[in-house]
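Chains as they are written, first to last, in this note's numbering: chain Z, 5 to 309; chain V, 5 to 309.
Backbone N, C-alpha and C fix where the C-beta goes; we use that ideal spot for every residue, glycine too.
None of these values were measured; they are calculated from a predicted model.
Take a look at the structure set out below.
Number of protein chains: 2
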Amino acid sequence: MTSDVKEIFSSGSPPAPAALAAKVRTLAPSMTRSMQLVAEAVAGDPAGCAALTVTGLAERTGTSEATVVRTARLLGYPGYRDLRLALAGLAAHQESGRAPAVTADIAVDDPIADVVAKLAYDEQQTLADTAAGLDTVQLGAAVAAASTARRIDIYGVGASSLVGQDLAQKLLRIGLIAHAHMDPHLAVTNAVQLRSGDVAIAITHSGCTGDVIEPLRVAFDRGATTIAITGRPDGPVSQYADHVLTTSTARESELRPAAMSSRTSQLLVVDCLFIGVAQRTYETAAPALAASYEALAHRHTPRTR
Amino acid sequence: MTSDVKEIFSSGSPPAPAALAAKVRTLAPSMTRSMQLVAEAVAGDPAGCAALTVTGLAERTGTSEATVVRTARLLGYPGYRDLRLALAGLAAHQESGRAPAVTADIAVDDPIADVVAKLAYDEQQTLADTAAGLDTVQLGAAVAAASTARRIDIYGVGASSLVGQDLAQKLLRIGLIAHAHMDPHLAVTNAVQLRSGDVAIAITHSGCTGDVIEPLRVAFDRGATTIAITGRPDGPVSQYADHVLTTSTARESELRPAAMSSRTSQLLVVDCLFIGVAQRTYETAAPALAASYEALAHRHTPRTR
DNA sequence: CCGGAGGTTGAAAATATCTTTCAGATGTGA
DNA sequence: TCACATCTGAAAGATATTTTCAACCTCCGG
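Structural data, given as structure tokens:
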């Protein structure tokens, strides 16, 4: 009698995905008393049971190992081992269910783990937005200009200054002549030197940072190819830019200033620009990169392992 | 020697939830060849590996059971059995959210639009990995130390230098005394001034940049609270760090140097640190932030529209 | 009330799986 | 090249899982 039921279920039903609790309820009537104990424990606390061995679960339910195995079989698994694996999967699923609402703003009293999650989420969002909003035609043109430039001058102040330095560092590494100007006055002084065939890049989130616009204007007037990386393509900086690369503007909160997400966005744009240039100048870029690695290796103390 | 590493990791890291792929990448460099084979298999096909026994996985990777167990240990599990359970959980996770197909490496002849998409995807991945792999306990401790520090010194060279400057800029904005040292010699000279109650932060992807380790060591010896932000928590820099914050190590390619993704990762960590500190010092941080916005507004030319 | 057939149960044996040990293999620096 | 340290896998040892089997219920029918 009961053996029929066993066969029907154990053969008919696949290893069962997440519908475990339901299955237990369906099969419960056809189970013997001690098997029901096991099934209940499993349905009630999958995560907890996943941590137990056969013996452990047998003790916890006041039954024997044999019964546990029998129950696992009835539930459609080849043995307890597989039931346990399924249980672990189930537990992981439940885990993900109660993630903190990462879309919410970062609050003053958020636990540190939430801060990490929210921040990571926000920055991922910023990246996606930036990638989606980036004009590849403009980017292509900027890449083309930079690849063949005699020299590349980069302007940025404040947080954008770091982005500019980052770009300059990388371009230098692949053998291009790039310089990030930090002092606005010197930037203007140097911009005067530019001429056709040179490239000037201005980085400003607000699109209206005078200290950055001014050198770009001078470069523009001197005939250099000018590029603006800004979150406000309608800002004054675009007036003097041959190519405008738009960064995204994520929402900001009191604790999370705009500078933070704009930096993420700017860096992505700058990276794209860099890789584009590296592709175009691959012949010279590759060995130059290799050489700079080589040089760096000597600055490192030997590893522990 | 290797046993030290084992201990650091197996004790420090909890069974790890979904950050397995990230963890594998972080730890891969400190693994032996055959262990890397196992780690790769596990990271590459969690679901498939979850279905295998030790012996099965050993055969599949062409190694021995012993190696499989060793790898499981290194990844932070008590043994293979537990790794397998975690794998089952991971597989269940993946089941729900199917990954997009931009996982390919950036090639020399990729059109610019692909570069943008791949780069954005990679950086998003890096962020997710970093967030998943970040030890919130260590982060919390670092935040606590920084919040009450008399002064905060930050060391970084090369690309990491920019990250350090970014952090310093932000901390300064909320009224803390922070300084990013760029010159290694000056950094050491200044580190001597530190004492208990001060905080020193070293940023190095490789974990073995002498120019950065040296000032941290001095700070450590002087009794300051030391923090390391590194992609190699088993590297020499950790010796002198009270708290180690691990950045993730994304795969790199010829065109996409490690510096690029490590920077993304480092910035996320730094942002988390900053926001944590801002939360803790909200009373003073909020007005300080507001004031710095105010000051910046005057540096902007009026918008066109 | 008794005996036994059919079913249930757990102790213990048998097997599979996982872990540890150890000696040989391999690499590395002097 | 040798000495040293590390890495590796075969096999022994320990655990966990599965199977076996006999005791034990439970429910009938005599």
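Within this structure, are the beta carbons of residue i and residue j separated by less than 8 Å?
i, j, result
"residue 179/V", "residue 290/V", "no"
"residue 165/V", "residue 270/V", "no"
"residue 182/V", "residue 195/V", "no"
"residue 184/V", "residue 249/V", "no"
"residue 140/V", "residue 54/Z", "no"
"residue 35/V", "residue 43/V", "yes"
"residue 161/V", "residue 274/V", "no"
"residue 27/V", "residue 144/V", "no"
"residue 241/Z", "residue 251/Z", "no"
"residue 92/V", "residue 97/Z", "no"
"residue 90/V", "residue 64/V", "no"
Assign residue i to one of two classes, buried (16 or more other C-beta atoms within 10 Å of its C-beta) or exposed (fewer than that).
i, result
"residue 127/Z", "buried"
"residue 197/V", "exposed"
"residue 243/V", "exposed"
"residue 30/V", "buried"
"residue 114/Z", "buried"
"residue 154/Z", "exposed"
"residue 88/V", "buried"
"residue 200/Z", "exposed"
"residue 37/Z", "exposed"
"residue 287/V", "exposed"
"residue 211/V", "buried"
"residue 225/Z", "exposed"
Since residue i and residue j are thought to touch, with beta carbons under 8 Å apart, how far apart are those beta carbons, to the nearest angstrom?
i, j, result
"residue 134/Z", "residue 41/Z", "Between residue 41/Z and residue 134/Z the Cβ distance is about 56 Å, and since that is not below 8 Å, they are no contact."
"residue 71/V", "residue 39/V", "6 Å"
"residue 123/V", "residue 278/V", "With 8 Å as the limit, residue 123/V and residue 278/V do not qualify as a contact, their Cβ atoms being about 25 Å apart."
"residue 112/V", "residue 280/Z", "That belief does not hold up - the Cβ atoms of residue 112/V and residue 280/Z are roughly 11 Å apart, past 8 Å."
"residue 206/V", "residue 172/V", "About 13 Å; that fails the 8 Å criterion."
"residue 285/V", "residue 151/V", "5 Å"
Tell me, please, which residues DSSP counts as bridged to residue i.
i, result
"residue 203/V", "156/V, 229/V"
"residue 250/Z", "234/Z"
"residue 182/Z", "156/Z"
"residue 208/Z", "234/Z"
Which same chain residues, not among the five before or five after residue i, have their C-beta less than 6 Å away from its C-beta?
i, result
"residue 268/Z", "127, 130"
"residue 191/Z", "159, 185, 219"
"residue 149/V", "203, 229"
"residue 215/Z", "161, 188"
"residue 75/Z", "39, 42, 43"
"residue 282/Z", "178, 289"
"residue 209/Z", "235, 266"
"residue 62/V", "68, 69, 72"
If I measure Cβ to Cβ from residue i and keep anything under 7 Å in the same chain, skipping five residues before and after, which residues do I get?
i, result
"residue 142/Z", "247, 248, 249"
"residue 102/V", "With a pLDDT of only 45 at residue 102/V, under the threshold of 50, the placement of this residue in the model should not be trusted; the figure read from the coordinates follows. No residues qualify anywhere along the chain."
"residue 32/V", "40, 43"
"residue 169/Z", "184"
"residue 213/Z", "161"
"residue 227/V", "199, 200"
"residue 73/Z", "58, 83, 84"
"residue 56/V", "64"
"residue 66/V", "41"
Kindly list the residues whose CB is nearer than 8 Å to the CB of residue i, restricted to its own chain and excluding five residues on each side of it in sequence; keep chain order.
i, result
"residue 222/V", "192, 195, 196, 198"
"residue 276/Z", "138, 143"
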